[in-house]
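Visitor:
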Amino acid sequence: MSAPAYDIAIIGAGPAGMAAAHEAVNVGLKVVIIDEQAAPGGQIYRDVERVAMERRHDLDVLGADYKYGYGLVDGLQASSVTHLAGHTVWQIERNGTVWCSDGKIAKQVDAKRVLLATGAMERPVPVPGWTLPGVMTAGAAQILMKSAGMIPDGPIAICGSGPLLLLIADQLVRAGAKIAVVAETTSFTDYLRAAPHLLRALKGADYLRKGIAMRRRLKTSGVRIVSGISDLRITGSDKAEGVSYRVGGSVKSFAAETVLLHQGVVPNTQATRQLRLEHIWHEQQHYWYPKTGQNGSTEAEAIYIAGDGAGINGARAAEAAGRLTALEIACSLGKISRADFDLKSPPWFSELDHHQSVRPLLDAMFPPPKEILNPPDDATLVCRCEEITAGDVRKAAKLGAPGPNQLKAFLRAGMGPCQGRMCGLTVTEVLAAAHGKSPADIGAYRIRPPLKPLSLAELADMETGDGDVTLASPSSGP
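Per our numbering, the sequence shown runs over residues 122 to 599.
So this is what it looks like as structure tokens:
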């Protein structure tokens, strides 16, 4: 078998992936970055180069934090990094082999080390009516703004919790959208719970100032902000017509043609699950994250993780983590010494500490509500691919389904095109509640290759280094 073509293969061209690529090239590593999007930037800096060149007004609307990504993208484009844009990764081996496809031909990429910079995804918000036309996530609405300069027509209801809720509302107002209501599940109790973390968060006071400024601008613009809501429902039969919720002991409703839902983001763990890496349950934010060691290392020698895929800390923290992980990989390959690492790393450790300082406060202030984690309405869809409701999952639990993987035999939940990305966390929570156990004890879906669907034609036209094609690796498990 021939030697690996690259020192490092980076999966994902978001802030962690781009920063890691910059740092790796600077210390002499041969780098390939593989990303599904046509241009680098990830979700947070999506299309920033094109927006900067062609839609300057939209660049101002999306704000300074979005503009910042242009420097990372521009630096990546000017570097010697091999960029496989528009390529979907569908299998990763523990030895550093990556299988991907451009939609026409599948190919094999061999590297000495693999850095997973797969980022985060929005937490599903399964409430009654969430599958109606006109309902989308807040992140999806932001993607439309970034990629096409589009905003929804008519009144908009933005519901949920988390910093992105205020950010998207602020951006939409600046773009000229009409917002009927911003309805937060965050309550006064959540603020009290977060108070002990305020002192540490002052190290990242710039984040606190941004949040206060966004809320002030929204109120000045006449946007109604309601806090402490519960029992959220989207009204309408054929499409979304509004929202209703309970607040202060009474039920309120607002007409809206578009409903944007958001309850924070969670690590994208599909690839780390497929690699059978150990995962840890985050008790406060109710998500799984892969166990990592020094600067992104894992139990698999060739596999490293950086950014929000290793735990949610935000874009700027992901950038710092990406640089540190790239330096750690260079150390492991003998490209730099540990003394060199100690010389180059302090600025990035300082950056990482600054951007992580506010996270304990945010985690305590914006917990996902129990009614979102474990939908009380049995008719609420949980698995959209297979049209499985929360009630179906509870019935399967009574019939003896002990966990998500056994549930597949009962209901096919998690076996649709998304492979459990959308329903995985909710299924775990519903089963945990039904069995009176912790979600950590119930577990998560086992992920098998392919990570994303691909056609037989793509496999038939496989490009490999040595002519051997294997769909399942020893690390993939039964």
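Heads up, the beta-carbon is just placed ideally off N, CA and C, and yes, glycines get one too. Just so we're clear, the structure is a prediction, and the values are computed from it rather than from any experiment.
(1) Quick one: Cα of Ala137 to Cα of Arg459, how far?
(2) Quick check: what's the CA-CA separation for Asp179 versus Val172?
(3) Is Asn389 close to chain B? Criterion is C-beta to C-beta, closer than 7 Å.
(4) Would you identify the three-state DSSP class for Cys544, choosing helix, strand or coil?
(5) Measure from the alpha carbon of Leu552 to the alpha carbon of each residue in Pro570, Pro538, Ile568, Pro525, then state which is nearest.
(6) Three Cβ pairs or more, each shorter than 8 Å: is that satisfied between the region 150 to 157 and the region 420 to 433?
(7) Quick one, which of Arg244, Ile226, Lys225, Tyr191 has its alpha-carbon nearest Arg547's?
(8) Note down the Cα distance separating Asp582 from Val210, rounded to an integer number of angstroms.
(9) Just curious, the alpha helix (DSSP H) that Asp128 is in, first and last residue?
(10) Quick one: grab the DSSP three-state call for Tyr328.
(11) Exposed or buried, what is Met543 when buried is set at 16 or more other beta-carbons lying within 10 Å of its beta-carbon?
(12) Leaving out the 5 sequence neighbours to the left and right, which residues in its chain are closer than 8 Å to His400 when beta-carbon positions are compared?
(13) When you compare the region 320 to 328 with the region 492 to 506, are there three or more beta-carbon pairs, one atom per stretch, that lie closer than 8 Å?
(14) Assuming Gly163 and Ala134 are in contact, meaning their beta carbons sit under 8 Å apart, how far apart are those beta carbons, in whole angstroms?
(15) Would you kindly work out how many angstroms separate the C-alpha atoms of Leu286 and Ile279, rounded to a whole number?
(16) Going by Cα to Cα distance, which pick from Ile277, Val248, Val235 is closest to Gly255?
(17) What do you get for Thr78, buried or exposed, if any count of 16 or more other CB atoms within 10 angstroms of its CB means buried?
(18) Taking DSSP's pairing of strands, which residues face Cys280 in a bridge?
(19) Exposed or buried, Phe309, counting other C-beta atoms within 10 Å across all chains shown (16 or more means buried)?
(20) Is Gln158 helix, strand or coil when you go by DSSP?
(21) Return the first residue and the last residue of the alpha helix (DSSP H) that Thr310 is part of.
(22) Inspect the beta-carbon positions of Asn434 and Arg397 and report whether they are closer than 7 Å.
(23) Could you check where the beta strand (DSSP E) with Phe470 kicks off and where it finishes?
(24) Check whether the region 281 to 300 and the region 335 to 353 are in contact - that is, three or more C-beta pairs closer than 8 Å.
(25) Would you kindly work out how many angstroms separate the C-alpha atoms of Ile129 and Gly297, rounded to a whole number?
(26) With DSSP run on the structure shown, which of helix, strand or coil describes Leu236?
(27) Any idea if Arg177 is buried or exposed, counting beta-carbon neighbours within 10 angstroms, 16 or more meaning buried?
Guide: Inspection of the coordinates gives the following:
(1) Straight through space, the alpha carbons of Arg459 and Ala137 are spaced by roughly 22 Å.
(2) Rounded to the nearest angstrom, the two C-alpha atoms are 7 Å apart.
(3) Absent from the structure: chain B. Only one protein chain is present.
(4) Residue state, collapsed to three classes: coil.
(5) Answer by Cα proximity: Pro525.
(6) Touching, no, given that fewer than three Cβ pairs across the two stretches are closer than 8 Å.
(7) It is Thr, not Arg, that sits at residue 547 in the sequence shown. Selection Arg244, Ile226, Lys225, Tyr191 evaluated against Thr547 yields Arg244 as nearest (Cα-Cα).
(8) Rounded to whole angstroms, Asp582 and Val210 show a C-alpha spacing of 16 Å.
(9) Asp128 -> not in any alpha helix (DSSP H); beta strand (DSSP E) instead, spanning 127 to 132.
(10) Tyr328: helix per DSSP, three-state reduction.
(11) Label assigned to Met543: buried.
(12) In the same chain as His400, and ignoring 5 residues on each side of it, the C-beta atoms closer than 8 Å to its own belong to Thr390, Thr393, Arg394, Trp409, Tyr410, Pro411, Lys412, Ala565, in chain order.
(13) Touching, no, given that fewer than three Cβ pairs across the two stretches are closer than 8 Å.
(14) At roughly 6 Å, the Cβ-Cβ gap stays under 8 Å, so Gly163 and Ala134 are in contact.
(15) Between Leu286 and Ile279, the C-alpha separation is close to 7 Å.
(16) Residue Ile277 is the option with its Cα nearest to Gly255.
(17) No information on residue 78 is available, as it lies outside the stretch 122 to 599 that the chain covers here.
(18) DSSP lists Ala304, Leu382 as partners of Cys280.
(19) It is exposed - the Cβ of Phe309 has fewer than 16 other Cβ atoms within 10 Å.
(20) In the structure shown, Gln158 sits in coil (DSSP, three-state: anything other than H, G, I, E or B).
(21) Its alpha helix (DSSP H) spans residues 309 to 315.
(22) Contact flag unset, no.
(23) Careful: Phe470 lies outside any beta strand (DSSP E), inside the alpha helix (DSSP H) at 467 to 477.
(24) Taking 8 Å as the limit for Cβ pairs, the verdict is that the region 335 to 353 does touch the region 281 to 300.
(25) One Cα belongs to Ile129, the other to Gly297, and the distance between them is close to 44 Å.
(26) In the structure shown, Leu236 sits in a strand (DSSP, three-state: E or B).
(27) Result: exposed.
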